[in-house]
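See below for the structure under consideration.
There are 2 protein chains.
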Amino acid sequence: MTEAMSRPTLEAVAARAGVSRATVSRVVNGGDGVREPLAERVRRAVDELGYVPNQAARSLVTKRHDAVAVVIAEPETRVFADPFFALQLRGISKELTAHDSQLVLLLTEGRDDHARVGRYLAGGHVDGALVFSLHLDDPLPVLIQRAGVPTVFGGRPGWSEGSAPSETAAGAAAPVFVDSDNRGGARAAVRHLVGLGRRRIAHITGALDQTSAVDRLDGFRDERPDADPRLIVESDFTPAGGERAMRELLDNCPDVDAVFAANDLTASGVLRVLRERGLRVPQDIAVIGFDDMLPLAEQTDPPLTTVRQDIEEMGRLMARMLLGGLDRRGGDAAPGGGEPSGVVLPTTLVRRASA
Amino acid sequence: MTEAMSRPTLEAVAARAGVSRATVSRVVNGGDGVREPLAERVRRAVDELGYVPNQAARSLVTKRHDAVAVVIAEPETRVFADPFFALQLRGISKELTAHDSQLVLLLTEGRDDHARVGRYLAGGHVDGALVFSLHLDDPLPVLIQRAGVPTVFGGRPGWSEGSAPSETAAGAAAPVFVDSDNRGGARAAVRHLVGLGRRRIAHITGALDQTSAVDRLDGFRDERPDADPRLIVESDFTPAGGERAMRELLDNCPDVDAVFAANDLTASGVLRVLRERGLRVPQDIAVIGFDDMLPLAEQTDPPLTTVRQDIEEMGRLMARMLLGGLDRRGGDAAPGGGEPSGVVLPTTLVRRASA
Chain E
1 MTEAMSRPTL EAVAARAGVS RATVSRVVNG GDGVREPLAE RVRRAVDELG
51 YVPNQAARSL VTKRHDAVAV VIAEPETRVF ADPFFALQLR GISKELTAHD
101 SQLVLLLTEG RDDHARVGRY LAGGHVDGAL VFSLHLDDPL PVLIQRAGVP
151 TVFGGRPGWS EGSAPSETAA GAAAPVFVDS DNRGGARAAV RHLVGLGRRR
201 IAHITGALDQ TSAVDRLDGF RDERPDADPR LIVESDFTPA GGERAMRELL
251 DNCPDVDAVF AANDLTASGV LRVLRERGLR VPQDIAVIGF DDMLPLAEQT
301 DPPLTTVRQD IEEMGRLMAR MLLGGLDRRG GDAAPGGGEP SGVVLPTTLV
351 RRASA
Chain W
1 MTEAMSRPTL EAVAARAGVS RATVSRVVNG GDGVREPLAE RVRRAVDELG
51 YVPNQAARSL VTKRHDAVAV VIAEPETRVF ADPFFALQLR GISKELTAHD
101 SQLVLLLTEG RDDHARVGRY LAGGHVDGAL VFSLHLDDPL PVLIQRAGVP
151 TVFGGRPGWS EGSAPSETAA GAAAPVFVDS DNRGGARAAV RHLVGLGRRR
201 IAHITGALDQ TSAVDRLDGF RDERPDADPR LIVESDFTPA GGERAMRELL
251 DNCPDVDAVF AANDLTASGV LRVLRERGLR VPQDIAVIGF DDMLPLAEQT
301 DPPLTTVRQD IEEMGRLMAR MLLGGLDRRG GDAAPGGGEP SGVVLPTTLV
351 RRASA
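As structure tokens, this is what we get:
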């Protein structure tokens, strides 16, 4: 272990610059009231000695850490297996770097660790949090509320629909989120399949404890209100889940002629099963995904027709909204009440060979 | 943005429990000297009110954050593209979770952001740092030394070999690292190729500003001290780099009959080029990789003979050494002097079809 060299102290800087401790402290903490030649002398001494202020003490004064936490409510293994998160992080990282704010990704093994995440958020280590992939029964929103850090959610939080944690109703301002138009995108996908003359259109859902999956299912139902219930198969946004769901679908509804899958990873599992069974895409069964995850959506066989959402832009926008809010803390940015408010980005149908 | 509900204060807890502020503070900070029935009353009030102590203030007292930073000296995009890092993080995450310590991954866009990483490390937000993928000219080691946080490095730091930052020589204890036996593994790979009767054995290196790449090249040279210099091609640990290097190799040395690639990603690029050129593996050219990265090494065509290192175990061991060192701070754990000391894990040759 690399033990510390003795770190240069505030006193050492003061001695080097020939000023008082209080003067150094004021300069280091960005305070005013120090004449420029003196301030310059302090800054030079700081540079020469490699002095780093104790941020724990400093942040008690400045209340700013120049760091933003990102919390993905999934186990670390999923965060690295699903390219969706890498794309969102790329957008966030670019935006935070442009503001010289440190991206602090809090990884966990699973939901049992969320209390610890809440403690870190409450601990005065970050200026705010970006939180995504929330699940309905996750204690994280309550923990975040208690932690009292400004937060922007990725995806509409589901707890507005009757399941809100009691704490969010009283006192707190409304949560702010960035989302894609999941319901509208799903409708466009199903309308496209109807336009191709398909009659037995199935939907393989995402994890229904997430609003993105619920909204895509609602969009499907908007267009197919009388769908045979066996044509709706619950799944979990993964390729393996897509394979399982497609096998079940072929067993129960051998006459299915189109599948709208809740995301591209699910669709990739669907395509694998159809190839296995010797079924042609799109001739026998048309397939549409969701996300337009590249390069995956272009490299499947056949290339995937899908609903595009700009995942990287979602991340960038979340970071921008959080930083903007921090700059106007105490202003009129936060709407009252517990009803979530958010920005919903448009989605567009991208046509390739699979439908 | 979710603005804070008013957070319950220390005073509110004291009022609820019917004790003094000082008593609450002592219980919350794990101090002794509070009788059990009283302490229990405080803990109940803390639970009921959802009180979270201000960690910035608290950590000034306890000096412990229950959080460990992980710094990967690569841009965020590479961290997510190279499965090596996901494996190391998996080992680290498991170990930290078992100790209820929060994994704080500090992501950057690139080397320009390392000064900010240094500030976060110095800022009193974490108990220690795990640092990997260091490059020789990276300012990070100096910044980490200045930050004064206990650190374990993944991979032998290269700056012991004459290029050590001046700060590390004086005063600081030796850096501690965990590494794999890169040189021994490279030797075993080349000896295997020699044993197969190969005579024109090439090496495609990794990024030579990293000790892992240097050590593998040294292992190659141990076995092939008189190798034709055109048989050694510098590359960068990526599939695209492997492709470029293999094309160069075939152009300059068309009689090459074996390739030892610095890692499996490089080898996957090599195999792609050989297939393109209609060369058979292993009949025309035998190929060996390094890492035994799964599932990649089993899914290449043909499956890859490679040198196995236990990447996840490296991560786990780094975390264990750091946490162990924290528990005995001030003890005799830290060796003196500036010479790095470390644990080197064995590597083993895994034979599949490519050699």
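Going line by line, the protein sequences match chains E and W.
Taking the UniProt record's numbering, the leading residue of the first sequence gets 1, the next gets one more, and so forth.
Taking the UniProt record's numbering, the leading residue of the second sequence gets 1, the next gets one more, and so forth.
For each residue, glycine too, the CB sits at the ideal point set by N, CA and C.
Model, not experiment: these values are computed from the prediction.
For Arg280 of chain E, there is no enclosing beta strand (DSSP E), as DSSP marks it with neither H nor E.
Approximately 19 angstroms separates the beta-carbon atoms of Arg146 of chain W and Phe177 of chain W; this is outside 8 angstroms, ruling out the contact.
Exposed is the label assigned to Asn252 of chain W, since fewer than 16 other Cβ atoms lie within 10 Å of its Cβ. Listed in chain order, the non-local C-beta contacts of Ala189 of chain W below 6 angstroms within the same chain comprise Phe260, Ile288, Val307, local neighbours out to five positions each way being set aside. Distance between Asp228 of chain E and Leu250 of chain E, taken at the CA atoms: about 14 angstroms. For Gln102 of chain E against Leu106 of chain W, the beta-carbon gap comes to about 6 angstroms, under 8 angstroms, which counts as contact. Residue contact with chain W for Leu317 of chain E: absent (no Cβ-Cβ distance below 9 angstroms to any residue of chain W).
Annotation note: the segment 182-222 of chain E contains the following uninterrupted beta strand (DSSP E) runs of length 3 or greater, listed N- to C-terminal: 201-204. Under the 9 angstroms criterion on CB atoms, Phe260 of chain W is classed as non-interfacial with respect to chain E. Look at the segment 253-279 of chain W and you find these whole runs of beta strand (DSSP E), each 3 residues long or longer: 258-261.
When the beta-carbon positions are compared, Ser341 of chain W and Thr300 of chain W stay at least 9 angstroms from each other. Any Cβ of chain W closer than 9 angstroms to the Cβ of Thr77 of chain E would place that residue at the interface, and such an atom is present. For the segment 269-286 of chain E, the set of residues with a beta-carbon nearer than 8 angstroms to any beta-carbon of chain W is empty.
Taking 9 angstroms as the CB threshold, His135 of chain W stays off the interface with chain E. Counting only residues of its own chain and dropping the five nearest sequence neighbours on each side, Arg224 of chain E has a CB closer than 7 angstroms to the CB of Val190, Ile201. In summary, the residues of the segment 76-104 of chain W whose CB is separated from some CB of chain E by less than 7 angstroms are Glu76, Thr77, Phe80, Ala86, Leu89, Arg90, Ser93, Lys94, Thr97, Asp100, Gln102, Leu103, Val104, in the order they occur in the chain. It is roughly 36 angstroms from the alpha-carbon of Leu38 of chain E to the alpha-carbon of Arg64 of chain W. By the neighbour-count definition (other C-beta atoms within 10 Å, threshold 16), Arg275 of chain E is an exposed residue. Contact annotation: in the segment 114-134 of chain E, residues whose CB is within less than 8 angstroms of a CB in chain W are Arg116, Val117, Gly118, Arg119, Tyr120, Ala122, Gly123, Gly124, His125, Gly128. Non-local C-beta neighbours of Lys94 of chain W in its own chain, meaning closer than 7 angstroms and more than five positions away in sequence, comprise Arg316, ordered along the chain. Secondary structure at Ser235 of chain W: coil, using DSSP grouped into helix, strand and coil. Among the residues facing chain W, Leu265 of chain E is not included, as its CB has no counterpart in that chain under 9 angstroms away. As for any beta strand (DSSP E) of minimum length 3 sitting wholly inside the segment 79-154 of chain E, the runs are 102-107, 128-132, 151-154, ordered along the chain. The beta carbons of Asp215 of chain E and Asp137 of chain E sit about 18 angstroms from each other, so the pair does not count as a contact at 8 angstroms. DSSP, read as helix, strand or coil, puts Asp327 of chain E in helix. Below the 8 angstroms Cβ cutoff, chain W contributes Ser93, Lys94, Thr97 as neighbours of Glu109 of chain E, in chain order. Using a CB distance cut-off of 9 angstroms, Asp66 of chain W counts as an interface residue toward chain E.
Residue pairing from DSSP places Asp291 of chain W in a beta bridge opposite W:Arg308.
Spanning the alpha carbons of Pro239 of chain W and Leu196 of chain W requires a straight line of approximately 26 angstroms. When the Cα atoms are used, Phe237 of chain E and Gln309 of chain W turn out to be separated by approximately 32 angstroms.
A buried status is given to Asp127 of chain W, since no fewer than 16 other beta-carbon atoms sit within 10 Å of its beta-carbon. In the three-state reduction of the DSSP assignment, Asp179 of chain E falls in the strand class. If you draw a straight line from the Cα of Val270 of chain W to the Cα of Arg221 of chain E, it is about 49 angstroms long. Per DSSP, the unbroken beta strand (DSSP E) holding Thr348 of chain W starts and ends at 348-350.
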